[in-house]
Amino acid sequence: MYKVLIADDEPWVAYGISRLIDWTSEGFEVIGEVYDGASALAQVREARPDVVISDIRMPGLDGIELLEEIRKLGSGTQVVLVSGYSEFEYAQRALRLGAFDYLLKQIDKEQLRETMARLRERLDDKRQASSWVDQQLGELFELLNSDSDTEIGRFYACRETSEYPNYRVVSVHYEQPADIGDMKEIRGMGSLSGFAMRTGQQRWTLLLNYDETEPADLLELIEKRLGSASHIGISTLGRASDSLSRLYREADTALFTSLLYPGLRVARYRANEPLAGASAHLLRLELAIREQATDRIKEIVREIEQECLRQQPNAEQVTSVYNQIVALLHKYYGQDEAFPDPEFMSYSQLGRLGDPADSIFERVRTAFDRQAEPDFPIVREQVKSVMSFIDIHFTDDLSLGVIAKRLNLSLGYLSFLIKKETGRTYSEYVSFKRIALAKELLANEALSIHEIVERVGYKDYFHFNKLFKKHVGVTPSKYRKL
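Below, the structure written as structure tokens:
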């Protein structure tokens, strides 16, 4: 069960979110509600929640500042921000800073469920990856402590005695399964010593201990032994007090980064830096999707791809941008419905595909192409089902969320289908159908206008009267006399 903390300066809003869905069935538990950013940060430090759902605008420490402070803690807590419609660009900045998602007020139950389902998948992936790393490191430390007289023991002793206090982790990928048996104990390379272990059929991970002051470049030393390696990822410099797990992940990220870009054989880890211009591109992409501008959608995705190839951000940043595009696909076209692919990925999943960046973005371009096909079978069948249901039930008091649940479609995807088919939003289309029926019923003099109001699905006569005049140009009573 993952822990959720809710932060909003309006207590009734925080309470409402905490009661909006059955958190337990979604795999979460709400551990508390706080009403300002400072209290939220204190709870993050103390309770270490897996997820924080926070309003963007709060007095003192606002949602953006809270997100930045959580990132500084390095806790891995995922942040979902809640914003108003007027704060869209503000929310885009939040995504650029690493927020998992943003939700618009008023929060829709189905939208929250969808977000939490994606969050659970992300957290499950991280937990699985962390478990694998811990297992590998456990085996490694067992070996490191196994024999103090071996070169392995010397490596461990060097860390403890600070003979050579500097070390790095190096991840190595081979095109074909490789055995670098003589690398298991690394010596005879100047001051360089260390240990290598196989971490996959085509992967080796090296822990290297060496004298950073010597003139020989680490990369030069490594390449003498790894001449046949196709890709190499190198962590930042560590010291005895540093986390080996952190350096392992850095080397892994650097390796996956080298796999993304043709011609980049060796990559050194760089701290996360947002892809310049990504938020503006993503904003333009969402606007193009809303307008169903297919050519512009593909053009913007290609621009994002070109920026990635030009700037060469690390694998985590590419994954972040990729997942934000996938989020838009799922929001407007549905998830596990018409477009089961592409799916959200962690950077390690993306890296293990071994695809360069252009192939990764080709996947989303293909998905956009598929939705643009008017006769795409799954889409046509869903459109027929949706319109048939609405045409039968438009006089019922049904919200879009209820219909989405009955038809097993996401709210965003359902909205998209209706708009694409009718050129109207759901509420506009229902109003159109009800007014059309009212005009027919007004021809029946036996029915009072109040009876007609109820038959077409309205409860308020005055609201119906105003709406009818807006659409038809005259009131119902005057229309009946025409």
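Per UniProt numbering, residue 1 is the first one in the sequence shown, and the count goes up by one each step. Even glycine gets a Cβ: it sits at the ideal position worked out from N, Cα and C. Quick caveat, the model's predicted, so the values are computed rather than measured.
As for any alpha helix (DSSP H) of minimum length 4 sitting wholly inside the region 409-442, the runs are 411-422, 426-441, ordered along the chain. Burial state of Q382 is buried, judged by a 10 Å Cβ sphere holding 16 or more other Cβ atoms. Of T77, L400, D55, the smallest CA-CA separation from R127 is found for T77. Annotation: the continuous beta strand (DSSP E) that includes G32 extends over 28-34.
Taking a contact as a CB-CB distance under 8 Å, the pair G37 and L61 counts as one, their CB atoms being some 3 Å apart. In this structure, L437 and V456 form a Cβ contact; the two beta carbons are roughly 5 Å apart against a cut-off of 8 Å.
In this structure, L41 is the residue among L41, V82, S83 with its C-alpha nearest to the C-alpha of G74. Cα atoms of G277 and E250: separation of roughly 24 Å, rounded to the nearest angstrom. Between the region 254-263 and the region 282-296 there are fewer than three C-beta pairs closer than 8 Å, too few to call the two in contact. Cβ-Cβ separation between R168 and S235: approximately 5 Å, consistent with a contact (criterion under 8 Å). By the criterion of at least three beta-carbon pairs nearer than 8 Å, the region 16-31 is not in contact with the region 55-69. Put simply, the backbone Cα of D124 is about 13 Å away from that of V51. Approximately 4 Å separates the beta-carbon atoms of F361 and E305; this is inside 8 Å, confirming the contact. If you draw a straight line from the Cα of G238 to the Cα of R296, it is about 46 Å long. Of E29, P59, I107, E69, the smallest CA-CA separation from V13 is found for I107. The three-state reading of DSSP puts F195 in strand, counting E and B together.
F468 is positioned such that its CB atom lies closer than 8 Å to that of I435. Looking only at I392, L414, F394, H393, the smallest Cα-Cα distance to G401 is reached by L414.
Rounded to the nearest angstrom, the gap between the Cα atoms of Q202 and K109 is 45 Å.
Taking the CA atoms as reference points, D369 sits about 8 Å from T294. Its chain contains I418, F432 as the residues whose beta carbon lies nearer than 8 Å to that of R424, once the 5 sequence neighbours on both sides are disregarded; these appear in chain order. The residue from T253, H330, K72 with its alpha-carbon nearest to that of R118 is H330. Spanning the alpha carbons of K470 and P476 requires a straight line of approximately 11 Å. In the displayed model, I232 falls within a strand according to three-state DSSP.
For T77, the secondary structure class from DSSP, reduced to helix, strand or coil, is coil. A check of alpha carbon separations from E46 across K3, L398, D460, L104 identifies K3 as the nearest. V82 is not a Cβ neighbour of I70, given a cutoff of 8 Å.
Judged by DSSP secondary structure, L309 falls within the alpha helix (DSSP H) whose first and last residues are 294-311. Within the same chain, and ignoring the five residues on either side of L441 in sequence, the residues whose Cβ sits closer than 8 Å to its Cβ are L447, I452, R455, V456. Burial check for D252: the Cβ neighbour count within 10 Å reaches 16 or more, so the residue is buried. I300 and E445 have their alpha carbons spaced roughly 57 Å apart. L260: not part of any beta strand (DSSP E); member of the alpha helix (DSSP H) spanning 244-260, first to last residue. Ranked by Cα distance from N323, the first of L5, L247, F100, K298 is F100. Collapsing the DSSP output to three states places R120 in a helix.
If you draw a straight line from the Cα of L5 to the Cα of P59, it comes to about 18 Å.
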